[in-house]
Every structure is written in C-alpha cells, then in structure tokens.
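See structure below.
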Ligand code: HEC
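In the working numbering, the protein residues as written are 135 to 236.
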C-alpha cells in the first residue's frame, strides 16, 4: 500500500465517524422516550415503584426538578449515565408521570 492510499482511507473513516456523531444527537431533540423507559425500568425500579412520582408531597414539580432528581439518582446508583441517558429518562418521567412540560 502506498502512502497516498493510506491517507485517503483515513480521511474516509474520519468522514464516516463525523456523520455518525451528527446523527446521534439530532438538533432540537433532547432525549429518547423508549430509551428512557428501558433505562428506568432496568435500573431505577428496584427501590421505588412509579407511584413515588405521583405522591402529593413529591420532591420534583417542574421539568428542571425532575432532571435534578434523575441526575442525583443515577449518581447515587453509580450508573455513569451520559447526558443523553439522563435527558431520555427525565423526558420519560416528565411526560408519563409528572406531567410537566419541558
Ligand atoms: C437505592 C434505592 C434507589 C434507587 C436505585 C433509585 N432511587 Fe429514586 N429514590 C429513592 C428514594 C428512597 C427516594 C425518595 C426519598 C428521597 O428523595 O430522599 C427517591 C426519589 C426519587 C425521585 C423523586 C421523587 C419525587 O418525590 O418527586 C426521582 C425522580 C427518582 N427517585 C428517580 C430515580 C431514578 C431515575 C433512578 C434510576 C437512575 C432511581 N431513582 C433510583 C431510592 C432510589
């Protein structure tokens, strides 16, 4: 293989990677409801049922407060979620249980 074909391959790879990253986070879309539900049902319901989110003296009452609680709990559980994971679970809880707009 000559030097020039190698560098061309490298450029192609970099372009493909760039396209993937761009697709991963579409503009104006903070999270993914299905992903949020899957993450929540896998990691979060061992301690509390979703009834907790609807109790009258609940801690969170706005989207920002739900986001704070999700961030706090994934930290407590040492899940090392990405911002996208946290957004997805927040969006899922906000829409399905808290009924607060983003
Ligand atoms: C180790 C047990 C445990 C795990 C795991 C856990 N939670 Fe909790 N969570 C609690 C307890 C206990 C409370 C209520 C008391 C408190 O906030 O001190 C709570 C409260 C909450 C609240 C606030 C409820 C309200 O009053 O509005 C949210 C939201 C929440 N958890 C989300 C999550 C999410 C999302 C996960 C998964 C990343 C998770 N929790 C995992 C124990 C847990």
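Just so you know, even glycine gets a beta-carbon here, dropped at the ideal spot from N, CA and C.
Between the stretch 165-176 and the stretch 220-232 there are three or more inter-stretch CB-CB distances shorter than 8 Å, so the stretches are counted as touching. Annotation for residue 197: the continuous alpha helix (DSSP H) segment containing it runs 197-210. Inclusion of residue 208 in the 7 Å shell around ligand 1 follows from its C-beta lying nearer than that to a non-hydrogen atom of the ligand. Taking non-hydrogen atoms of ligand 1 into account, the C-beta of residue 213 is found less than 7 Å away from one of them.
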